[in-house]
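Taking it in order: structure first as C-alpha cells, then the write-up.
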Amino acid sequence: MPATTEYQGSSFLGRISIRRNQVVSMDGHHEQELEDLDLFQRNIADRFSELLSARPPTDGGDGGGDSSSSAASADAPFLSVAWLRKLLDVFLCCEAEFKAFLIMGRERDPSVIAKPPLDRLLPELLDRAVKALDVCNAVMHGVDAVRHCQKLSEIAVAALEQQPIGEGQARRAKKALGSMLALLAAEDKDSSGHKSTERTWSFGRRGGSAVTNKDRSAAAQFRTLTWGVSKNWSASKQIQAMSANLVVPRGAEASGLALPVYIMGAITVFVMSALVAAIPCQERSGLAMHLQVPKQFGWAQPMTALAEKIGEEWKRKEKRGMAGLMEELQRMERLGQALAEFADPFQYPAEGERAEEAAARAAELAETCRRMEEGLVPLQMQIREVFHRIVRSRSEVLDVLDQAGKLSAPTL
C-alpha cells in the first residue's frame with residue numbers, strides 16, 4: 001500500500017485532528033500527550049515488527065512472490081526491493097505522525113519550542129535532516145547504477161538465451177557481464193584516500209580473464225555522468241555524523257516533546273543506514289549498524305534486531321566483496337559471475353551439462369532482472385518522495401522555531 005494512503009488513514013492522525021478542536025484543562029493536556037506518545041510508540045513498534053518478520057533472502061529460484069503488485073507485500077524477502085519500499089513506507093508514516101505530534105505540542109504550549117531541551121534538539125533535528133537529504137541524493141544515484149547494471153544483465157541474458165549458443169553470443173554476453181561487474185566494483189570506495197576500489201573480477205575467481213580496461217573505462221564514464229555528491233563525500237561518515245548527537249531524553253524530558261524528537265532521529269538514522277547498506281553508495285567502509293537504543297522502549301527491540309540482522313549481512317557482504325545488500329543485486333552479481341565463467345573461455349559447441357547449467361542461470365538472471373525492472377523505478381520514486389517530505393518538514397520546523405522566537409522575544 002502506498003505510504004500516501006496509509007498514513008492519511010492513520011488512527012493516530014485521526015486522534016490528533018480531533019484533539020486540536022477540543023478545549024481541555026492543563027492536566028487533561030498532559031494526560032492526552034502521554035496517551036498520544038504511547039500510541040505513537042506502539043505504532044512504530046508494530047511497523048518495525050512487521051519489517052522484522054520478513055522471510056530471509058533466498059539463494060535460488062525467483063525469490064518468491066511478485067514485487068510488482070505491492071511493495072508492502074507481507075512476504076517481501078528481507079532487503080529485497082519490495083522490502084526496501086516497505087521500509088520507506090514506514091519512514092513516511094512515522095514522519096507524518098511525528099510532525100502531527102510536534103505541531104499539536106506547539107499548539108498546547110507555544111512557548112515550549114523556545115525552551116530547553118527543544119531549543120537545542122530541534123536545530124539538531126534540522127541538521128540531521130540536511131544530512132539525510134545528502135544520503136537520499138547519493139542513494140538515488142546508486143539506484144541509477146543498479147538500473148544500468150540491470151540493463152547490461154538483460155543484454156547478456158538475451159545473448160545466452162539464443163540456441164545454440166555460438167561464439168558471437170558468448171562474446172556479447174562476456175562483454176555485457178564484464179561491464180556490469182566492473183560498474184558494481186567501481187561503486188565501492190577504498191577505505192583510505194577515497195579512491196575507487198577496482199576488485200580483480202576474474203571471469204572465474206578461480207582463474208580466467210580479468211575485467212578489461214575498457215570495462216573499467218565504461219564504468220568510470222557512467223559514474224562521471226551520474227554521480228551527484230562531492231568526491232570526498234562519505235556515506236559512512238554521514239551516517240556517523242547523523243547519530244553523533246542522538247541522546248536519549250532523561251527524567252522529565254522523557255515524557256515531553258523531546259522523546260518523539262529523539263525517536264524520529266533514531267528512525268531517520270536507521271532508515272538511512274539501511275539504504276546505504278543495501279544500495280551501492282560512495283565510501284561505505286566502516287559503516288556501523290549498531291543503534292544504542294534503550295530496551296525499555298517497545299519499538300527498540302524490533303529496530304535493534306533489524307539493525308543487527310543488517311549488520312550481520314554487511315559483514316558477509318564485505319567478505320564476499322558484493323556491491324550491496326539488496327537481495328536482487330546480490331543475486332544478479334552472483335549469477336553474472338557464474339555466467340561470465342561460462343562465457344570465458346567459451347568452447348563451441350557447449351557441453352550438454354554445462355550448457356544446461358548456464359541456461360538455468362540465465363533464466364534465473366532474467367527473472368531477477370524482471371523483478372528489478374518492476375521495483376527499481378517505484379523505489380526511486382519513493383526515495384524522491386522521502387527527499388521532498390524531509391525538505392517540507394524541515395521548512396515547517398523552521399517556521400515553528402521562527403514563531404517561537406517571536407513569542408519569546410521581549411516586548412519594548
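Residues in the sequence shown are numbered consecutively from 1, following UniProt numbering. No residue lacks a Cβ here, since even glycine has one placed at the ideal position from N, Cα and C. What you are looking at is a predicted structure, and each value in this text was computed from that prediction instead of being measured.
With residue i as the anchor, note down where its alpha helix (DSSP H) starts and where it stops.
i: Ile239; result: Ala235 to Ser243
i: Lys151; result: Leu118 to Leu160
i: Cys94; result: Val81 to Arg108
i: Ile390; result: Gly352 to Ser408
i: Val247; result: Looking at the DSSP string, Val247 is not in any alpha helix (DSSP H), and its letter there is neither H nor E.
i: Gln347; result: Element bounds for Gln347: n/a, residue is neither H nor E.
Out of curiosity, what's the CA-to-CA distance linking residue i and residue j?
i: Gly352; j: Thr368; result: 24 Å
i: Glu154; j: Leu275; result: 25 Å
i: His290; j: Ala362; result: 38 Å
i: Thr224; j: Val400; result: Note that Thr224 scores a pLDDT of 44, beneath 50, so its modelled location is shaky; the value from the coordinates is reported in the next line. Answer to the nearest angstrom: the Cα atoms are 40 Å apart.
i: Ala288; j: Phe270; result: 10 Å
i: Ala235; j: Val135; result: 7 Å
i: Thr304; j: Leu152; result: 37 Å
i: Met242; j: Leu125; result: 9 Å
i: Asp62; j: Ala54; result: Because Asp62 carries a pLDDT of 42, less than 50, the predicted location of this residue cannot be relied on, and the following value inherits that uncertainty. Between Asp62 and Ala54, the C-alpha separation is close to 16 Å.
i: Gln240; j: Gln163; result: 52 Å
i: Pro123; j: Gly256; result: 17 Å
i: Leu306; j: Leu335; result: 27 Å
i: residue 413; j: Lys237; result: Here the chain has residues from 1 to 412 only, and residue 413 is not among them.
i: Gly233; j: Glu33; result: Checking the displayed sequence, the identity of residue 233 turns out to be Trp instead of Gly. Near 40 Å, if we compare the C-alpha coordinates of Glu33 and Trp233.
i: Glu396; j: Ile310; result: 33 Å
i: Gln292; j: Gln41; result: 17 Å
i: Ser230; j: Lys319; result: 27 Å
i: Arg370; j: Ala96; result: 33 Å
Count the other CB atoms within 10 Å of the CB of residue i; is the residue buried (16 or more) or exposed (fewer)?
i: Glu283; result: buried
i: Gln221; result: Per-residue confidence for Gln221 stands at a pLDDT of 49, beneath the threshold of 50, marking its modelled position as unreliable; no derived number is given.
i: Glu31; result: exposed
i: Met180; result: buried
i: Arg392; result: exposed
i: residue 420; result: Residue 420 lies beyond the range of the chain shown here (1 to 412); nothing can be said about it.
i: Pro280; result: buried
i: Ser73; result: In this predicted model, Ser73 has a pLDDT of only 44, less than 50, meaning its place in the structure is not dependable enough to derive any value.
i: Asp402; result: exposed
Measuring only between beta-carbons, confirm whether residue i sits less than 8 Å from chain D.
i: Leu287; result: Looking for chain D here will not work: only one protein chain is present.
Mind checking whether residue i and residue j have CB atoms under 8 Å apart?
i: Phe48; j: Pro302; result: yes
i: Ile113; j: Ala404; result: yes
i: Ala170; j: Phe346; result: yes
i: Phe101; j: Asp36; result: yes
i: Val130; j: Glu328; result: no
i: Pro57; j: Leu79; result: yes
i: Ala132; j: Met264; result: no
i: Leu407; j: Pro117; result: no
i: Glu385; j: Leu51; result: no
i: Met322; j: Ala278; result: no
i: Ala366; j: Phe342; result: no
i: Pro378; j: Arg147; result: no
Entirely enclosed alpha helix (DSSP H) segments - the region 288-323, minimum 4 residues: Those alpha helix (DSSP H) runs which fall completely within the region 288-323 and span 4+ residues are 300-320.
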